[in-house]
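Engineer: Line order of the protein sequences matches chains A and B. Heads up: the first sequence begins at 1208 in the working numbering, then just goes up one per residue. Heads up: the second sequence begins at 1208 in the working numbering, then just goes up one per residue. Just so it is clear, CB atoms sit at the ideal spot from N, CA and C, and this is done for glycine as well. In this text the structure is predicted, and so the values were computed from the model without any measurement.
There are 2 protein chains.
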Amino acid sequence: MKTINIMADVFAANKAAARENRDWFARQGVYAVNLMSSPGAGKTSLLEALLKDCAGMPFCVVTGDLATDNDCARVRRTGVPAVQVNTGRGCHLDAAMVRGALEQLKPAGGIVFIENVGNLVCPTAFDLGEDMRVLILSTTEGEDKPLKYPTSFEIADVVVINKMDISRFVNFDLEKTKANIRAVNPKCRIFTASAKTGKGIYAVKQHILKSALGKIG
Amino acid sequence: MKTINIMADVFAANKAAARENRDWFARQGVYAVNLMSSPGAGKTSLLEALLKDCAGMPFCVVTGDLATDNDCARVRRTGVPAVQVNTGRGCHLDAAMVRGALEQLKPAGGIVFIENVGNLVCPTAFDLGEDMRVLILSTTEGEDKPLKYPTSFEIADVVVINKMDISRFVNFDLEKTKANIRAVNPKCRIFTASAKTGKGIYAVKQHILKSALGKIG
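1) Quick one, which residues of the region 1314-1338 of chain B are near chain A if we go by CB-CB under 9 Å, in chain order?
2) Between which two residues does the alpha helix (DSSP H) containing A:Glu1255 stretch?
3) State the CB to CB distance for the pair B:Leu1273 and A:Lys1355, rounded to an integer number of angstroms; the pair is presumed to be in contact (CB under 8 Å).
4) Any beta-carbon of chain A closer than 8 Å to the one on B:Gly1271?
5) Let me see if you follow: with CB-CB separation under 8 Å, is A:Arg1296 close to chain B or not?
6) Identify, in the order they occur along the chain, each residue of the same chain with its Cβ nearer than 7 Å to the Cβ of A:Val1411, setting aside the five sequence neighbours on each side.
7) Assign A:Arg1375 to one of three DSSP states: helix, strand, or coil.
8) Measure how close the beta-carbons of B:Ile1321 and B:Val1282 come, nearest whole angstrom, since I'm counting them as under 8 Å.
9) Determine the extent of the beta strand (DSSP E) in which A:Leu1242 is found, giving its start and end residues.
10) Applying the 10 Å Cβ sphere with the 16-neighbour rule, what's the burial state of B:Ala1390?
11) Contact check, A:Asn1387 vs A:Glu1350 under 8 Å by CB: the rounded distance?
12) Give me the subset of the region 1236-1249 of chain A whose CB atoms are less than 7 Å from a CB atom of chain B, sorted by chain position.
13) In whole angstroms, give me the CA-to-CA distance for B:Asn1392 and A:Gly1271.
14) If you follow the alpha helix (DSSP H) that A:Asn1387 is in, where does it begin and where does it stop?
15) For the region 1321-1331 of chain B against the region 1236-1249 of chain B, are there 3 or more C-beta pairs whose distance is under 8 Å?
16) Using the rule of at least 16 other Cβ atoms within 10 Å of the residue's Cβ for burial, across every protein chain shown, is A:Tyr1409 buried or exposed?
17) Indicate the three-state DSSP secondary structure (helix, strand or coil) for A:Arg1418 in the structure shown.
18) Along the chain, where does the beta strand (DSSP E) that runs through B:Leu1342 open and close?
19) Taking a cut of 7 Å between CB atoms, which residues from the region 1387-1421 of chain A lie near chain B?
20) In chain B, which residues lie less than 9 Å from A:Asn1277 when you measure between Cβ atoms?
21) Can you find a CB in chain A that lies within less than 8 Å of the CB of B:Met1208?
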């Protein structure tokens, strides 16, 4: 019982911080996108593809990892400002960490992309105050993941099925995967893409832009 | 500070349960192997490959997932007894969950394989009382994972690089990956394998058997 009370405290503190972020985003006119996935599903590659030719656009990125600033360095090469958060042993970003990074980035309007720690479980439980939750599933992970990690798929606004370029080498069943996603989340938008070849990226980008523009006013 | 004290309590409780498991394993003459990886890296496939033609051997399996008993059903088809633990929203197995499953399986000697929840962060922090920690990294996840998730690689006794059959389709750099593993853990044994084709499985199996037999007496 102790564990439950303990976690309730942690979640309550995060909830308050997320609420502050949400107010702050609204005041700054910022649209925040939280990208979540397993390690290696392609969060950074997807960001690189989405941000290609976007230097000068009102975009910025917060990258989360236990260690290294590799992801941040990769994103910065697109010309879009980015800040790395290292969580040490921490398995997710929380709202306070995101706020700390944004105080460095100082976005005035535009879109903030938050690349969460690679983990298909824990980030689900930590609201960052974001407007959109994008879950990335790669074809190499298998069709059963929506059923086995339902909490992540339940909260997604958008699911991007990435690594479609190698789907045939892993006998990936797209229809089965979509049906499994639909079983836990009938409402989310599903996109197929390859961050590597760029196929399908345009549609994802359009959807994010459209949703962000919809927040204006 | 509160969070730190809180987590210290959770870890202390788990540590005590892990110590009990360790004593219990010693009394039963059981060798316990904890398999950890990202979602979809191939823990269950590797188990299926390792347990092929092993019905009747003194082996049993505990599979951990948030939801579904798919993995357990797959393992049972090898003829080896298995019990599923569903963690709900929980991101790892803990020592008490494993003990609960083993009280159903009642192993008298032999090897217990514990398939942890797919997560490259949290299971690291929860000792299950196991004798061997096997970390599975698939070629599709990228060469940088040992540097980005160092805590998981640090504690591994064995790293199995899986999905070698599709390594060329993802431009996987084996030497770079091995160097990155060595950078965080100079001592672990590294194997390359494909659970799908079976290549490399024999060496992994021999290593586990040899280590388990070394515990006798």
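Structural biologist: In brief:
1) Val1324, Gly1325, Asn1326, Leu1327, Val1328, Cys1329, Thr1331, Ala1332
2) For the purposes of this step, residue 1255 of chain A is taken as residue 48 along the first sequence, with counting starting at 1. Start and end: 1250-1258.
3) Counting from one through the second sequence, the residue named residue 1273 of chain B turns up at place 66. Counting from one through the first sequence, the residue named residue 1355 of chain A turns up at place 148. Yes, they are in contact, since the Cβ atoms of B:Leu1273 and A:Lys1355 sit about 6 Å apart, within 8 Å.
4) Within the second sequence, residue 1271 of chain B is the residue found at index 64, counting from 1. Taking Cβ atoms only, chain A never reaches closer than 8 Å to B:Gly1271, which makes this a no.
5) Along the first sequence, one-based indexing puts residue 1296 of chain A at 89. It does; some Cβ of chain B falls within 8 Å.
6) Here residue 1411 of chain A corresponds to residue number 204 of the first sequence, with the count starting at 1. Closer than 7 Å at Cβ, skipping near neighbours: Leu1257, Val1367, Phe1398, Ala1400.
7) Along the first sequence, read from residue 1 onward, the residue named residue 1375 of chain A stands at position 168. The answer is helix: DSSP assigns A:Arg1375 an H, G or I state.
8) By 1-based counting over the second sequence, the position of residue 1321 of chain B is 114. By 1-based counting over the second sequence, the position of residue 1282 of chain B is 75. B:Ile1321 to B:Val1282, Cβ: 12 Å. No contact.
9) On the first sequence, residue 1242 of chain A is found 35 positions in, with the first residue counted as 1. From DSSP, the beta strand (DSSP E) with A:Leu1242 extends over 1237-1244.
10) Taking the first residue of the second sequence as 1, we reach residue 1390 of chain B at position 183. Exposed, since its Cβ has fewer than 16 Cβ neighbours within 10 Å.
11) Position 180 of the first sequence, counted from the first residue, corresponds to residue 1387 of chain A. Position 143 of the first sequence, counted from the first residue, corresponds to residue 1350 of chain A. Right, their Cβ atoms sit about 6 Å apart.
12) Ser1245, Pro1246, Gly1247
13) Position 185 of the second sequence holds residue 1392 of chain B. Position 64 of the first sequence holds residue 1271 of chain A. Each residue's Cα considered, the two are about 23 Å apart.
14) The residue given as residue 1387 of chain A occupies position 180 in the first sequence. Per DSSP, A:Asn1387 belongs to the alpha helix (DSSP H) from 1381-1391.
15) yes
16) Counting from one through the first sequence, the residue named residue 1409 of chain A turns up at place 202. That one is exposed.
17) The residue given as residue 1418 of chain A occupies position 211 in the first sequence. The residue asked about is misnamed: residue 1418 of chain A is Ser in this sequence, not Arg. Reduced to three states, the DSSP call for A:Ser1418 is helix.
18) The residue labelled residue 1342 of chain B in the question sits at position 135 within the second sequence. Here the beta strand (DSSP E) through B:Leu1342 covers 1339-1345.
19) none
20) In the first sequence, counting from the first residue as 1, residue 1277 of chain A sits at position 70. Under the 9 Å cutoff, chain B gives Asp1351, Leu1354, Lys1355.
21) Looking up residue 1208 of chain B in the second sequence gives position 1. At B:Met1208, the pLDDT of 44 sits below 50, so the modelled position is not reliable and the matter cannot be decided from this model.
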